[in-house]
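Protein chains in written order, with my numbering: chain A, -11 to 252; chain B, 68 to 428; chain C, 4 to 331.
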Amino acid sequence: MRNMFADAPRASLTAAYWAFILYLLLPLTLMMAMSFKGANYIAFPIGEWTFDWYVQVMQDKQFLDACLYSIMIAAATTVAATTLGTWIAMLIVAEGIRGQVVIFAIACLPAVVPGMISAISLRIFISTIDMPTGTMAIILGHTVHAVPFVVVMALTRLRTMPGNLVDAARDLGADSVVAFFRVTLPYLWPALFGGMIFCVLLSIDDFVRTFFLGGYRPTLPMLIFAKVQGGMSPEINAMATLVLVVTAAVGLYAEYMTRRARTR
Amino acid sequence: MEPVVKFDNVTKSYGKHVAVENLNLSIERGKFVTLLGPSGCGKSTSLRMLGGFETPNAGRILLGGKDVTRLPPNKRNVNIVFQDYALFPHMSIAKNIAFGLELQGHDNQHIHRRVSELLELVQLQDFAKRLPSELSGGQRQRVALMRALAPDPEVLLLDEPLSALDAKLRQQMQIELKSIQEKTGKTFMFVTHDQEEALTMSDTIVVMNKGKIEQMGDPNTLYGKPGSVFVANFIGETNLLRSTVLGTEGDVAALNWNGITIKAEQGGLTPKAGDHLYVVLRPEAIHCSAAEPTSVNRIKGKIRQRVFKGNHTSLSIEVGDGAVLNTLVHPSDVAQISGEDIWVGWKAESTTVIPDRHAHN
Amino acid sequence: MVTSNTTAGYGAPRDAAVPRYSTRIAKIVNSSLYRHTLGAAVESRWGRLILLAGVPLVWLIALHIGPIYQMLKISLLSHYPVQPGVDSQFTLANYRLFFSESLYFSPLIKSFIFATVATASTLIVVYPVAYYVAKVVRPEGRSKALLLLLVPFWAGELIRTFSVIMLLANRGAVNVLLREIGLIDRPIPMLYTSFSLGFGLVYLICLYMLLPLYSAIEKIPTQYLDAAADLGAGPFTRFRKIILPLSKDGIVSGCCLVFLTCIGVFATPMMLGGPNTVLFPETISGFFHGASDKWPVGAAFALIMLVTALIAAGIFMRLVGGRKRSAI
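Written as structure tokens, this is what we have:
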């Protein structure tokens, strides 16, 4: 077996991995711990442990509204980005289309441009089309951000599809539309599911685009940011922990589903 | 009777490469027709043109009398069994088979009945709810066939469907396919490069080469009376004896082959002295013996190579001035052929003659 | 009716339910509505083309190219938004402003420095981890090992930046720990410095570096390494001569991705940086929030940042990656 690695490198590499895991999880763990602090300021050691902050946060109207708002935007973004991303991917793989590389490059553009610039350009754009900042603008911005990822995921999956499947469907009487909905789309579904989860997470976590495109109503990251500007408090930790736990749960669920689909 | 399929002067080229050239082919209803040829001969292209996946550059394709040349695949009454089956992976095999039926607008009961019927035809009733990934290669093959048959097409197209199977399974499927064709009475158009397969299953074989039809006929004729060197070489093993005509005596010609005089039946040809011909001599038509035989053609030779092939042994025998004849002996006769010396003989009627097109006749 | 004496098929004696097939499809496809709209469209080549390409192309041109184009257009105007009575003309003054004072161009230089240092540090920190998961962990365990690394990723930029504060604050974990074990008397101010910003940046982006590296290293056939070891190469030689060159593609794409992300971070410098670490995004933002009529300047600066970042990434790709084009 791998005797080559049964020497110093292996041990130190393992150590490196676990040290890295520690490095990744430590700040988050500390943040979660601080949310239980029984005092009004941020400091270690924790001292008195309490759930009070959570109780307060769960009853905070502004927080709950921000949650709802974030989820609503995420849902709209997911629908829009998944549809557009899939459509673009279908265009790229279609036979007889030229310039596919260019189309792909343009599709990936928002992922290559640094976030800040993307946000600024969108801010300018909505102004030129007389769209006010606010919910629609945020959804638009999030969708633009998410589309490249959906495109890549859909493309990867599409390229593994045997070319004959659509031919077989057409041979049996299906026109292009029916073939898409009955054959291509079901085949794509695992990738689309992953893409949708990705869109949700991308949208909920987004800050910079929301900052420039949003109106008065805050999303979760905006709320947390505003509170931080206003002064540190374990209340913010409680909010952040809640968001962390929920998004981690969503991500893990998606991984679990992807894993199940892969073993079928 | 009106042919069910007619290729009328069909040409298809890809850029400079001409895949099919002026193809004129009629296929009778209810027959098992095989397009046979080496890769690149145009057989698959012709099939795909009939299926609607390629459009001819020139000519027409008629299906049941109707001109379908420009129709898309979903509007034609033909179905294809693909080489890699192309079963829909997310649907059970029952749903796969039902796919075409659903699009034809039948009601649930009818679809269910037809699907069950077809599943029974190939003994897969118990697998109705399984997914294609849970089936073996042979089973998937059968499902693909049933799926293509379900919508009751006028012609069933099969594009080398057996090439992915191992030898034993292939033979089994060949018999099954033929039996299903006979039971359903459908017209099958089969494409393959395997001449044995073609001989086993077909009512009619169309041998193609470089985009044109070399010869068309039933297996017996193609095997026994090939019309060209290509067909003779392609179908079955053969010895091609390139000879010059010395003279004719009634129906039999005397020829000079490498210094040896042989006699062969002329068939339909009327050769004159000096003409160049090929004499097609199948290995199994040659009789080997230790003693001199009494047949019209008898030559003494030396065994140069023996290859054991299970149900027969192949022999390469050198005769005359270095010419080689390939022949075979049954296991029961092998004992007689022990030494190097051997007599070979065959009858004049056992051969076919083909004109040598490259010679100046 | 088909009968069979097995229960797995459809012919079970107890009048098993007839399975439901998708009979509605035919009804929809044959309906007059479908036939006149979609059905008619897909019959013609042009119809199919428009159906396939129409929406995507409109979207791509309007929303992927459009904003950048508009940004370019505005950066060349003297006034925006256009007020009544004021004439907006074409000008390059906005660009000239950038080069005129240190106040304007030094944040960009700082951004570049931070991004470069962060990228390099991340590469060094993450490479061993990527190698570990790709080569040392057995194939079955790889997805679990990766999963553990991805979990913090889902939390999002803001929360992860926030959590760094818990670590580095004056009464955060590090300071308290150092105090407890008696190494220091007074807390070391780590927040709101270049250090905290750098740390936060690396923390944020290390996962963007991990995935490209992982997938590049995973592709290196282990047989190469076995063969090299067989021929007498020690671990460092193997690394230098085989692993490093063959993972070049992953290094290049990871570094480019990370670099471009770092250049564009907005929240992290605001939360973890201090008065000495004003980075370019904050400068640009200043022209948009609050002061109006400075949009053209902001746009020009943003464009300068975009172009320089892309050029830097491009040069890096050419230098290290060679002439091959790496897919993002």
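Here a beta-carbon is modelled for each residue, glycine too, at the ideal position from N, C-alpha and C.
Boundaries cannot be given for VAL154 of chain C, as no beta strand (DSSP E) includes it and DSSP labels it neither H nor E. Around the beta-carbon of ASP155 of chain A, 16 or more other beta-carbon atoms lie within 10 Å, marking it buried. Excluding the 5 residues flanking it on each side, GLU221 of chain C has same chain C-beta neighbours closer than 6 Å at ALA137, in chain order. Within 7 Å of the CB of ALA228 of chain A, the CB atoms of chain C belong to ILE162 and PHE165, in sequence order along the chain. For ASN300 of chain B, the uninterrupted alpha helix (DSSP H) run begins and ends at 296 to 301, by DSSP. Rounded to whole angstroms, the gap between the alpha carbons of PHE213 of chain A and LEU275 of chain C is 12 Å. Under the three-state reduction of DSSP output, LEU234 of chain C falls in the coil class, being neither helix nor strand. Less than 8 Å divides the Cβ of VAL281 of chain C from the Cβ of PRO110 of chain C. The alpha carbon of VAL300 of chain C has as its nearest neighbour, out of C:SER81, C:ILE64 and C:ILE245, the alpha carbon of C:SER81. Taking C-beta atoms under 8 Å as the contact rule, VAL258 of chain B and LYS110 of chain B qualify, at a distance of about 5 Å. Against chain B, the beta carbon of PRO174 of chain A has neighbours under 9 Å at PHE155, PRO156, HIS157 and MET158, listed in chain order.
In the three-state reduction of the DSSP assignment, SER310 of chain B falls in the strand class, which pools E and B. Under the Cβ criterion of 8 Å, ILE220 of chain C is not counted among the residues facing chain B.
Here DSSP, grouped into helix, strand and coil, assigns SER200 of chain B to helix. Around the CB of GLU183 of chain C, fewer than 16 other CB atoms lie within 10 Å, so the residue is classed as exposed.
Look at the beta carbons and you see the segment 50 to 66 of chain A touching the segment 206 to 222 of chain A: at least three pairs across the two are nearer than 8 Å. Straight across, the Cα-Cα distance linking HIS179 of chain B with PRO150 of chain A is about 28 Å.
Taking 8 Å as the cut-off, the Cβ atoms of VAL347 of chain B and LYS414 of chain B do not count as close. A residue is called buried once 16 or more other Cβ atoms fall within 10 Å of its Cβ, and ILE64 of chain C, having fewer, is exposed.
Looking at A:THR17, A:ILE91, A:ALA21 and A:TRP75, the one whose alpha-carbon comes closest to that of ILE68 of chain C is A:ILE91. Our two residues, THR394 of chain B and SER80 of chain B, have alpha carbons roughly 41 Å apart in a direct line. ILE28 of chain C reaches chain B at GLU169 and LEU170, counting residues in chain order whose Cβ is nearer than 8 Å.
Contact with chain A is absent for PHE194 of chain B, since none of that chain's Cβ atoms lies less than 8 Å from the residue's Cβ. Contact check for ALA165 of chain B and LYS196 of chain B: beta-carbon distance about 12 Å, past the 8 Å limit, so the pair fails to qualify. Scanning chain C for C-beta atoms nearer than 9 Å to the C-beta of LEU10 of chain A yields nothing, as the closest lies near 11 Å away. Judged by beta-carbon spacing, THR78 of chain B lies within the 8 Å limit of GLU88 of chain B, meaning their Cβ atoms are closer than that value. With a beta-carbon spacing of about 13 Å, LEU229 of chain B and PHE255 of chain B fall beyond the 8 Å limit used to define contacts. Contact annotation: VAL148 of chain B and LEU117 of chain B have beta-carbon atoms that are not nearer than 8 Å.
In the three-state DSSP reduction, TYR152 of chain B falls in the coil class, being neither helix nor strand. Contact annotation, VAL177 of chain C with VAL128 of chain C: C-beta distance approximately 18 Å; criterion of less than 8 Å not satisfied. For chain B, the residues of the segment 165 to 192 of chain A that bring a beta carbon within less than 9 Å of one of its beta carbons are VAL166, ALA167, ARG170, VAL171, PRO174, TYR175 and TRP177, in chain order.
When DSSP assignments are scanned along the segment 175 to 257 of chain B, the uninterrupted stretches of alpha helix (DSSP H) that are 4 or more residues long and fall wholly within it turn out to be 175 to 188, 204 to 216 and 234 to 251. Interface with chain A (8 Å Cβ-Cβ cutoff): ASP400 of chain B is excluded.
Scanning chain A for C-beta atoms nearer than 9 Å to the C-beta of ALA230 of chain C yields nothing, as the closest lies near 10 Å away. Nearest to VAL222 of chain B by alpha-carbon distance, out of B:ALA402, B:ASP151, B:LEU130 and B:GLN190, is B:LEU130. Within the segment 90 to 123 of chain B, GLY118, GLY119 and PHE120 place their CB atoms closer than 9 Å to a CB of chain A, listed in sequence order.
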